[in-house]
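A.B. asks: Sharing a structure, written as structure tokens. Questions coming.
Residue numbers (the working numbering): 1 to 122.
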């Protein structure tokens, strides 16, 4: 994907208008439209401003191809792993709760045995 195609994609993904981006860059909408159409080269200064605006490293804007399949797979794997961790966390919390109840039961049972032993000693 060329830089001008990325500019279009980023703007649309983030719900911005050409006017908003042009205002941020300090240029008119026509000039920004030329950047998006690839009719005008983007200056280093504007490239840096756009990277800040979109919270991306400059090299991502310059990169010709982005391996979106790998990126999507990583994001999917991260989401799946997060869900797995949430399930495991819930299992552990349930286990701790069950162990707490067992411990309370054993403490009560121990008290009862102590009382029985104490009464037999008398």
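Glycine included, every Cβ here is placed at the ideal spot set by N, Cα and C.
Do residue 33 and residue 18 have their C-beta atoms within less than 8 angstroms of each other?
C.D. replies: Contact check for residue 33 against residue 18 passes: the beta carbons are separated by less than 8 angstroms.
A.B. asks: With H, G and I counted as helix, E and B as strand and the rest as coil, what does DSSP make of residue 12?
C.D. replies: helix
A.B. asks: Restricting to Cα atoms, I'd like to know which of 20, 26 and 40 is closest to residue 2.
C.D. replies: 40
A.B. asks: Below 7 angstroms CB to CB, which residues in the same chain sit around residue 51 once its five sequence neighbours on both sides are set aside?
C.D. replies: 57, 58 and 61
A.B. asks: Would you call the CB atoms of residue 25 and residue 49 closer than 8 angstroms?
C.D. replies: yes
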